[in-house]
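The sequence shown begins at 1 in UniProt numbering and counts up one residue at a time. Glycine is no exception: its CB is placed at the ideal position from the N, C-alpha and C atoms. To keep things clear, I will list the structure first and then write my remarks on it.
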Amino acid sequence: MDEKYGASWRRSEKDSRFHSRRKTIVDGIKTVLEMENCTEEKAQSLAQECQNTVVHSKSHNKFARLVKNMMSESHPFKHFDPADPELPVV
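Here you go:
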């Protein structure tokens, strides 16, 4: 929708927030596609596994914050040991 309508379709703050959070996750999936040269299904699977094991929540907001932090450092869906003290705070 962004390509066709730009930002005009998401006039409200709620729509902007919704779009922004999901776009961060989509950008993370695209980054994994490029880094690992894998299929979309594999990249989506990595994202889902990361959300389930690291975030322990269905919250797109928490997951989007994690992806944003990880994209600036390395692989956005790298596997974490939940006991790791270096685990990012979301």
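Residue state for H56 is assigned as coil, using DSSP reduced to three classes. A Cβ-Cβ distance of about 4 Å is found for the pair V32 and A43, placing them in contact under the 8 Å criterion. When Cβ pairs closer than 8 Å are counted between the two stretches, the stretch 12 to 22 is seen not to touch the stretch 44 to 52, the count staying below three. By the neighbour-count criterion, in which 16 or more other beta carbons inside 10 Å mark a residue as buried, V67 falls on the buried side. R11 carries a coil assignment under DSSP once its states are collapsed to helix, strand and coil.
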